[in-house]
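Written below as structure tokens is the structure these notes are about.
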Amino acid sequence: MAIVDAATLVPLAELEELERIQAYAFSAATFEVRGRKIIVVNPIRGSGRQNSDIAHELAHIILEHDLSEVRELAGMPFRTCKPDEEEEATALGGTLLLPRDLLIFAARRGASIDAIAEMYSVTVEMARFRYNTTGVAKQVATGRSR
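In numbering that gives the first Met the number 0, the protein residues as written are 0 to 145.
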């Protein structure tokens with residue numbers, strides 16, 4: 000498996016133009032070339048977002064999702080995973096980046112959402128999502144252990 004910066008495949012100006020035309024149209028994608036998985040990431044995204052995108056794509060690989068759904072974007076057909084598989088990949092990707100025990104450890108030491116995001120190189124949105132959906136916020140507030 001390899002992780003490739005999209006700017007090594009297409010000019011950065013074209014990625015910027017795509018972003019101008021449709022914001023967030025492309026963050027990352029996984030391709031299989033000669034039996035090898037290649038994750039291509041958008042260099043326009045910040046490192047925290049790139050980390051989330053890579054974890055999301057790795058989750059698709061781990062979960063063995065197939066590109067089985069055809070969607071159309073700006074008149075161009077492309078293949079993607081089913082919506083429930085996208086949700087699975089988002090959940091597993093977040094878990095890979097911020098496991099619950101790591102969040103408990105950080106929260107018990109008083110780390111804010113912003114501090115967690117910075118410490119673990121994820122977006123504030125990802126840190127907040129994981130902090131709230133794992134129940135860590137409630138657990139630390141009440142002082143309960145697992």
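C-beta: ideal position from N, C-alpha, C; glycine also.
Bear in mind that the values here come from a model prediction, so they are computed numbers and not experimental data.
For residue j and residue i, the rounded distance between their alpha carbons
| i | j | result |
| --- | --- | --- |
| Ala12 | Gly134 | 42 Å |
| Val40 | Cys80 | 17 Å |
| Arg108 | Ile115 | 11 Å |
| Gly142 | Arg127 | 19 Å |
| Asp4 | Thr29 | 12 Å |
| Glu84 | Arg35 | 21 Å |
Residue i burial status per 10 Å Cβ neighbour count (16 or more: buried)
| i | result |
| --- | --- |
| Thr132 | exposed |
| Ala140 | exposed |
| Gly92 | buried |
| Gln49 | buried |
| Ala24 | exposed |
| Glu63 | exposed |
| Glu56 | buried |
| Ala1 | exposed |
| Gly47 | buried |
Contacting residues, own chain, Cβ-Cβ under 8 Å from residue i (five flanking each side not counted)
| i | result |
| --- | --- |
| Ser51 | Gly92, Gly93, Leu96, Val121, Thr122 and Met125 |
| His59 | Thr29, Cys80, Glu84 and Ala88 |
Beta-bridge pairing of residue i - partner residues as DSSP gives them
| i | result |
| --- | --- |
| Lys36 | Glu31 |
| Asp4 | Val40 |
Cβ neighbours of residue i in the same chain (closer than 6 Å, five flanking residues each side left out)
| i | result |
| --- | --- |
| Ile103 | Val135 |
Sequence-distant residues of the same chain with beta carbon closer than 7 Å to residue i, five excluded per side
| i | result |
| --- | --- |
| Leu17 | Ala24 and Phe25 |
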